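A.B. asks: Input: one structure, supplied below.
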Amino acid sequence: MKNTSSWNTIAGLLGLSVGFALVPAALAQPCAPSGWTQTLAEAGVPARSTTAIAQAAGNTLVLFGGYGSGTEYGDTWVFDGAAWSKRNVAGPSARSQHVMTYDASRQRTVLFGGQGFGEATETWEWDGAAWTQDSPANSPPAILGAALGYDGVNGRVILVGGTFAENGQPNPDCWSFNGTTWTNLGSLNGPALRSYAATTYDSARGRLVLFGGVSTSTFEDLSETWEFDGTQWEPVAFGPVSFSGLRPSLAFDSVRARLVLSGAFNNPSGTYEFDGLDWVEVASTTPGAGLPVAYSAAAGHVVQLQAAPSQTWSWDGAAWTRLGPISIPALNGHSLTYNAATGKAMLFGGTTFLGNTSGDLWSFEGTHWALVSSDGPSPRDRAGLVYDSQRGGLVLFGGYDNNFGGQGDTWTWTGAWTQLDIPGPPGRSGGAMAYDAARNQTVLFGGLDADFNRIGDTWVLQGSTWSQVATATGPAGRDRASMAYDPSRGKVVLFGGRDENFSIGNDTWEFDGTTWNQVASAGRPPARYAASLSYDASVGKLVLIGGLDENFVSLDDAWVLDQVNGWQRIVSPNGLGPRTDHAATYVPSLGRTLLYGGATTTPTPGATRGSLRRVSWPT
Numbered sequence: 078m079k080n081t082s083s084w085n086t087i088a089g090l091l092g093l094s095v096g097f098a099l100v101p102a103a104l105a106q107p108c109a110p111s112g113w114t115q116t117l118a119e120a121g122v123p124a125r126s127t128t129a130i131a132q133a134a135g136n137t138l139v140l141f142g143g144y145g146s147g148t149e150y151g152d153t154w155v156f157d158g159a160a161w162s163k164r165n166v167a168g169p170s171a172r173s174q175h176v177m178t179y180d181a182s183r184q185r186t187v188l189f190g191g192q193g194f195g196e197a198t199e200t201w202e203w204d205g206a207a208w209t210q211d212s213p214a215n216s217p218p219a220i221l222g223a224a225l226g227y228d229g230v231n232g233r234v235i236l237v238g239g240t241f242a243e244n245g246q247p248n249p250d251c252w253s254f255n256g257t258t259w260t261n262l263g264s265l266n267g268p269a270l271r272s273y274a275a276t277t278y279d280s281a282r283g284r285l286v287l288f289g290g291v292s293t294s295t296f297e298d299l300s301e302t303w304e305f306d307g308t309q310w311e312p313v314a315f316g317p318v319s320f321s322g323l324r325p326s327l328a329f330d331s332v333r334a335r336l337v338l339s340g341a342f343n344n345p346s347g348t349y350e351f352d353g354l355d356w357v358e359v360a361s362t363t364p365g366a367g368l369p370v371a372y373s374a375a376a377g378h379v380v381q382l383q384a385a386p387s388q389t390w391s392w393d394g395a396a397w398t399r400l401g402p403i404s405i406p407a408l409n410g411h412s413l414t415y416n417a418a419t420g421k422a423m424l425f426g427g428t429t430f431l432g433n434t435s436g437d438l439w440s441f442e443g444t445h446w447a448l449v450s451s452d453g454p455s456p457r458d459r460a461g462l463v464y465d466s467q468r469g470g471l472v473l474f475g476g477y478d479n480n481f482g483g484q485g486d487t488w489t490w491t492g493a494w495t496q497l498d499i500p501g502p503p504g505r506s507g508g509a510m511a512y513d514a515a516r517n518q519t520v521l522f523g524g525l526d527a528d529f530n531r532i533g534d535t536w537v538l539q540g541s542t543w544s545q546v547a548t549a550t551g552p553a554g555r556d557r558a559s560m561a562y563d564p565s566r567g568k569v570v571l572f573g574g575r576d577e578n579f580s581i582g583n584d585t586w587e588f589d590g591t592t593w594n595q596v597a598s599a600g601r602p603p604a605r606y607a608a609s610l611s612y613d614a615s616v617g618k619l620v621l622i623g624g625l626d627e628n629f630v631s632l633d634d635a636w637v638l639d640q641v642n643g644w645q646r647i648v649s650p651n652g653l654g655p656r657t658d659h660a661a662t663y664v665p666s667l668g669r670t671l672l673y674g675g676a677t678t679t680p681t682p683g684a685t686r687g688s689l690r691r692v693s694w695p696t
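Using the numbering used here, you'd call the opening residue of the sequence shown number 78 and step up by one each time.
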């Protein structure tokens, strides 16, 4: 065993702090098993695109699959007029770009095709409770971007448009499905070749209506309307509606006998209605970043599911109204801290898998997340957020906004957002920030500046004054390091991060308000950045979770750090799985470390988790 006195001498020559006692390798081995428990299931339907929603038996709506957070979904959700619920049933494989419609004559929702692990030509039916795969004697080839609608005149399903998955050529034909087999009907003088058109059945006039899509020859958004009377397609003879954008969505409100047109994917256009004579813009907005509209007989209105955050909107002919609560979206790059003034964890900003950056402030209520404010700092991710006990509120600095730059603004929250008009650090994102309770100051280190350079400066905020601290030594410039205040030693501790050369570190530093000292500790974690570091008061240890390694792979591990044992890895029998760009904080009322969101190698989880129990951390 190494002589401790000799090692202290060597460490002093190297300029390393010995605030953590070095321990033999045997003591730095993985600790006793620990576990995680999911505090809240992911609320609402996880955000996704290229999915399908259709009417279903029993006055319900059914949603299946779609693309979200870097993965194809294979889940089934049912809307009963008030809320969405997930159905754990066997069914189609995970996929997106499939199409669905309700066959009212057989009371079955029909699903065709899609793209998952390869292109699908399967036909499935949902009877309101279970999926059944059909075995038609004949079937269309794999087609992407087709439209599927119900022909009520003949009691069958019609497929039109799209491109062949095999060669990308446009599909010129219409196909019909009667519940037994598919039949190629030829072109039927139908709409010009297109993909991603919207269709729905107008039961009042006995017409299958098709709108818009993208031309497969010019790739322009189309905005004309066609109708199918059960025999032929005919263009509607009036000027085109002023509507464009990817993936329009169409539903028929049978109570009001109106077609309702809305955007289905990041479409800023308004809401339109068609009464069989003309289109009229009835609202200048639509529930942005939504999924397809559909008529809910249970709700008595056309509804649209918004992807991120998850919420359902109802259109009554005059206004969009949210049904039920708004659910926090799955996020990465958000900021999370415990607000002692309110006794709640609070979360700000972050980015969804759709690329939408949030400017929302949320509060963890124990049983759900509540939206507190959408007014304040501009939408951003990778901002610094701490609780300032002297101020009795939150302090936020910097972050990466929608203009692709690091911000240099300082905000406080004490029931409302207030921007402090004070000079401060240069703008940045991915800086490390923590509140030093011993010195009543917020500490900011490093980050990525507006020119994407990694910086290594140290700043402190006391009251309304930012001051740069000139230190003789300190961590090299880096971004997305992990930093937290350790009250047991009265110092701010920093770990890892990514430097100017894209090298990933696993060095540990501590800051006493004046000086940075590198900490020598046996068994330190592997190099990483974008991990979370927080202090768990129930066991008196710093907790490091996940992050990205030098191969840009999310790590599935957790470590604790104290002065006696140095770094120790936690072996968890029910771990989180790989996770990065998440956020964690200790919540005294729970006696647990609370973690939310983040990303795995590509997807964006949205579950809220906390430590299994206080004794789950090694003592």
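All residues carry an ideal CB built from backbone N, CA and C; glycine is no exception.
Given the structure is predicted, the values throughout are model-derived calculations rather than measurements.
Apart from the five residues just before and just after L408, which ones in its own chain have a Cβ nearer than 6 Å to its Cβ?
C.D. replies: Correct list, in chain order: G427, G674.
A.B. asks: Would you call the segment 423–439 and the segment 113–132 in contact, with 3 or more CB pairs under 8 Å?
C.D. replies: Short answer: they touch.
A.B. asks: Could you give the first and the last residue of the continuous beta strand (DSSP E) run that contains D563?
C.D. replies: Taken as a continuous stretch (DSSP letters only), the beta strand (DSSP E) holding D563 covers 559–563.
A.B. asks: Threshold first: 3 residues or longer. Then list the beta strand (DSSP E) segments lying entirely within the segment 561–637, N to C.
C.D. replies: Runs of the beta strand (DSSP E) inside the segment 561–637: 568–576, 581–588, 593–596, 609–613, 618–622.
A.B. asks: Cα separation between A460 and S541?
C.D. replies: Approximately 19 Å, taken between the alpha carbons.
A.B. asks: If you reduce the DSSP assignment to three classes, tell me which class G263 lands in.
C.D. replies: Reduced to three states, the DSSP call for G263 is strand.
A.B. asks: Could you check if R646 is buried or exposed, using at least 16 other CB atoms within 10 Å of its CB as the buried criterion?
C.D. replies: When all chains shown are included, R646 counts as buried.
A.B. asks: Decide yes or no for the touch test of the segment 269–276 against the segment 199–219: beta carbon pairs closer than 8 Å, at least 3 of them.
C.D. replies: Touching, no, given that fewer than three Cβ pairs across the two stretches are closer than 8 Å.
A.B. asks: So, with DSSP's three-state summary, where would you put A133?
C.D. replies: Three-state DSSP puts A133 in a strand.
A.B. asks: In whole angstroms, give me the CA-to-CA distance for D526 and G683.
C.D. replies: Approximately 29 Å, taken between the alpha carbons.
A.B. asks: Under three-state DSSP, which class holds H659?
C.D. replies: Note: H659 maps to coil in three-state DSSP.
A.B. asks: Quick one: what's I403 bridged to in DSSP?
C.D. replies: DSSP, once it has assigned bridges, lists no residue as partnering I403.
A.B. asks: Ends of the beta strand (DSSP E) at P312?
C.D. replies: Looking at the DSSP string, the run of the beta strand (DSSP E) that includes P312 is 310–312.
A.B. asks: Please list, in chain order, all residues of the same chain as G617 whose beta carbon is under 6 Å from its beta carbon, the five residues on each side excluded.
C.D. replies: Within the same chain, G617 has close Cβ partners S565.
A.B. asks: Could you give the distance in angstroms between the alpha-carbon of V698 and the alpha-carbon of R164?
C.D. replies: With the chain covering only 78 through 696, there is no way to say anything about residue 698.
A.B. asks: Where A242 and T398 are concerned, what is the direct C-alpha to C-alpha distance, given to the nearest angstrom?
C.D. replies: Taking the straight line from one Cα to the other gives about 38 Å.
A.B. asks: What whole-angstrom Cβ distance do T389 and G401 have, given they're in contact under 8 Å?
C.D. replies: Contact flag correct, Cβ pair sits at about 6 Å.
A.B. asks: So is E149 buried or exposed if we call it buried at 16+ other beta carbons inside 10 Å?
C.D. replies: That one is buried.
A.B. asks: Is S280 buried or exposed, if buried means 16 or more other CB atoms sit within 10 Å of its CB?
C.D. replies: Its Cβ having fewer than 16 others within 10 Å, S280 is exposed.
A.B. asks: With distances taken Cα to Cα, identify the nearest neighbour of D486 among L497, D639, G492.
C.D. replies: Of the listed residues, the one whose Cα sits closest to D486 is L497.
A.B. asks: For L262, which of G222, G289, G307, Y663 has the nearest alpha-carbon?
C.D. replies: Comparing Cα positions, the closest option is G307.
A.B. asks: Do Y606 and A558 have their beta-carbon atoms positioned less than 8 Å apart in this structure?
C.D. replies: Against a cut-off of 8 Å, the Cβ pair of Y606 and A558 comes out as a contact.
A.B. asks: With a CB to CB cut of under 6 Å and the five nearest residues on each side skipped, what residues in its chain are close to L117?
C.D. replies: The residues are T685.
A.B. asks: For F441, list the residues DSSP reports as bridge partners.
C.D. replies: DSSP, once it has assigned bridges, lists W446 as partnering F441.
A.B. asks: Please classify L354 as buried or exposed, where buried requires at least 16 other C-beta atoms within 10 Å of its C-beta.
C.D. replies: So L354 ends up on the exposed side.
A.B. asks: Helix or strand or just coil, what does DSSP make of G419?
C.D. replies: Per the sequence shown, the amino acid found at residue 419 is Thr instead of Gly. The answer is coil: DSSP assigns T419 none of H, G, I, E or B.
A.B. asks: For the beta strand (DSSP E) containing T535, list its first residue and its last residue.
C.D. replies: Taken as a continuous stretch (DSSP letters only), the beta strand (DSSP E) holding T535 covers 531–539.
A.B. asks: CA-CA distance, D634 and P655?
C.D. replies: Using only the alpha carbons, I get a separation of about 8 Å.
A.B. asks: Alpha carbon to alpha carbon, what distance is there between A422 and A447?
C.D. replies: Taking the straight line from one Cα to the other gives about 11 Å.
A.B. asks: Alpha carbon to alpha carbon, how far is W310 from W490? Give it in angstroms, no decimals.
C.D. replies: Distance between the alpha carbons of W490 and W310 is about 59 Å.
A.B. asks: Quick one: Cα of T257 to Cα of L287, how far?
C.D. replies: Taking the straight line from one Cα to the other gives about 24 Å.
A.B. asks: If you draw a straight line from the C-alpha of T153 to the C-alpha of L138, how long is it?
C.D. replies: Roughly 11 Å separates the two Cα atoms.
A.B. asks: Find the nearest neighbour of G239 within the set S182, R233, Y278, Q174, judged by alpha-carbon distance.
C.D. replies: Comparing Cα positions, the closest option is Q174.
A.B. asks: So the beta strand (DSSP E) I235 belongs to, where does it begin and stop?
C.D. replies: Its beta strand (DSSP E) spans residues 233–237.
A.B. asks: What is the DSSP secondary structure of Q184, counted as helix, strand or coil?
C.D. replies: Here Q184 sits in coil by DSSP.
A.B. asks: Determine the DSSP secondary structure at Y273, reduced to helix, strand or coil.
C.D. replies: It is coil, neither helix nor strand.
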